[in-house]
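In the numbering used here, the protein residues as written are 86 to 359.
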């Protein structure tokens, strides 16, 4: 199946350290060198969730820091890096991808656009795609619905080469506004009937800035359609909120706005690599 192309805007390939510091994000990893990339998370499923992701890549060490709001208070948020490390084009979905028109963009519908899991952003243990549903190792939102996450992960050369083709997706919605994941809000998950749909549906998604210049699709546009990973959660739009900041810290670099809309973990050892 071929999906829509050309929905990305060229924005910013490498974000200066000053921009992240001004956003209140730690600059320690940046101070040590490497390449830094910004992702703005924007809501899916009218969740009201938004956030900022900083990726810092030094050699094969990838530091991921996420600060997001509007998550379901006290509930775990499955989160992942989705996309392709083979040069294929994936992107964040939108409401039009709700193909069964039930008012909820479920993970299977969204996976066609954002692709399968590449890295599970767990707080400890391995980060393989098969840990996509390891909710006991996923960050939990505080009582105000805020998630703060930071972890350094050893990644393969394919991730190093295609970091701008990957994007972050967080999961978990509260459709009936009762402060928890339950079956009354949206029924059963299409991934696992033992889980409520609210726990697996994507709440936000964001792409690396400058992703349009990162890769040219190989052999057309590949989709992530196909059966969901099991037991992994083949689980993700994106609107930049810091245009003025970028202009000030990056010497007037223009920021293009896209269509669409963590507790800190430990440092992973090479043996945990995805």
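We put the CB at the ideal spot given by N, CA and C, even for glycine.
Worksheet item: Just checking, does the segment 201-208 make contact with the segment 124-133 on the three C-beta pairs under 8 Å criterion?
Response: no
Fill in: Through-space distance from residue 233 to residue 187, alpha-carbon basis
In the chain shown, residue 187 corresponds to position 102, counting from 1. In the chain shown, residue 233 corresponds to position 148, counting from 1. Going by the C-alpha atoms only, they are around 31 Å apart.
Worksheet item: Between residue 257 and residue 162, is the Cβ-Cβ spacing less than 8 Å?
Response: The residue labelled residue 257 in the question sits at position 172 within the chain shown. The residue labelled residue 162 in the question sits at position 77 within the chain shown. In contact: residue 257 and residue 162 (Cβ atoms closer than 8 Å).
Item to complete: Would you mind listing the beta strand (DSSP E) stretches within the segment 125-157 that are 3+ residues and don't spill past its ends, in chain order?
Response: 135-143 and 146-154
Practice prompt. Assign residue 178 to one of three DSSP states: helix, strand, or coil.
Written response: Along the chain shown, one-based indexing puts residue 178 at 93. In this structure, residue 178 counts as coil in the three-state DSSP scheme.
Worksheet item: Who pairs with residue 233 in a beta bridge, going by DSSP?
Response: Stepping through the chain shown from its first residue, residue 233 is reached at position 148. Answer is 152, bridged to residue 233.
Item to complete: Output the distance between the C-alpha atoms of residue 275 and residue 294, rounded to the nearest integer angstrom.
Response: The residue given as residue 275 occupies position 190 in the chain shown. The residue given as residue 294 occupies position 209 in the chain shown. Each residue's Cα considered, the two are about 31 Å apart.
Fill in: Expected contact under 8 Å - CB spacing of residue 157 and residue 270 to nearest Å
If you number the chain shown from 1, residue 157 lands on position 72. If you number the chain shown from 1, residue 270 lands on position 185. Contact flag wrong, Cβ pair sits at about 10 Å.
Worksheet entry | Beta-carbon proximity check, residue 138 vs residue 236, cutoff 8 Å | Looking up residue 138 in the chain shown gives position 53. Looking up residue 236 in the chain shown gives position 151. No. Outside cutoff.
Item to complete: Determine contact between the segment 242-256 and the segment 169-180, defined as no fewer than three beta-carbon pairs at a distance below 8 Å.
Response: yes
Worksheet item: With distances taken between CB atoms, is the gap from residue 134 to residue 288 smaller than 8 Å?
Response: Numbered from 1 along the chain shown, position 49 holds the residue referred to as residue 134. Numbered from 1 along the chain shown, position 203 holds the residue referred to as residue 288. Yes, they are a contact pair.
Fill in: Cβ-Cβ separation, residue 228 to residue 155 (assumed contact under 8 Å), whole Å
Numbered from its first residue, the chain shown carries residue 155 at position 70. Numbered from its first residue, the chain shown carries residue 228 at position 143. That belief does not hold up - the Cβ atoms of residue 155 and residue 228 are roughly 13 Å apart, past 8 Å.
Item to complete: Compare the C-alpha of residue 31 against each of 279, 277 and 283 and name the closest.
Response: With the chain covering only 86 through 359, there is no way to say anything about residue 31.
Worksheet entry | Residues sharing a beta bridge with residue 254, DSSP | In the chain shown, the residue the question calls residue 254 occupies position 169. DSSP lists 165 and 290 as partners of residue 254.
Discussion item. So for residue 225, helix, strand or coil by DSSP?
Written reply: Here residue 225 refers to the residue found at position 140 of the chain shown. Strand, per DSSP.
Discussion item. Can you tell me whether residue 199 is helix, strand or coil according to DSSP?
Written reply: What you label residue 199 is simply residue 114 of the chain shown in a count that begins at 1. It is helical.
Item to complete: Note down, in chain order, each residue of its chain lying with its Cβ closer than 8 Å to the Cβ of residue 246, except the 5 sequence neighbours on either side.
Response: In the chain shown, the residue the question calls residue 246 occupies position 161. 170, listed in sequence order.
Item to complete: Pick helix, strand or coil for residue 219, following the three-state DSSP scheme.
Response: On the chain shown, position 134 is the one that residue 219 refers to. Here residue 219 sits in coil by DSSP.
Discussion item. Let me check understanding here. Comparing Cα to Cα, which of 144, 119 and 136 lies closest to residue 243?
Written reply: Within the chain shown, residue 243 is the residue found at index 158, counting from 1. Selected option, being the one with the closest Cα: 144.
Worksheet item: Helix or strand or just coil, what does DSSP make of residue 213?
Response: Taking the chain shown and counting its residues from 1, one reaches residue 213 at position 128. The answer is coil: DSSP assigns residue 213 none of H, G, I, E or B.
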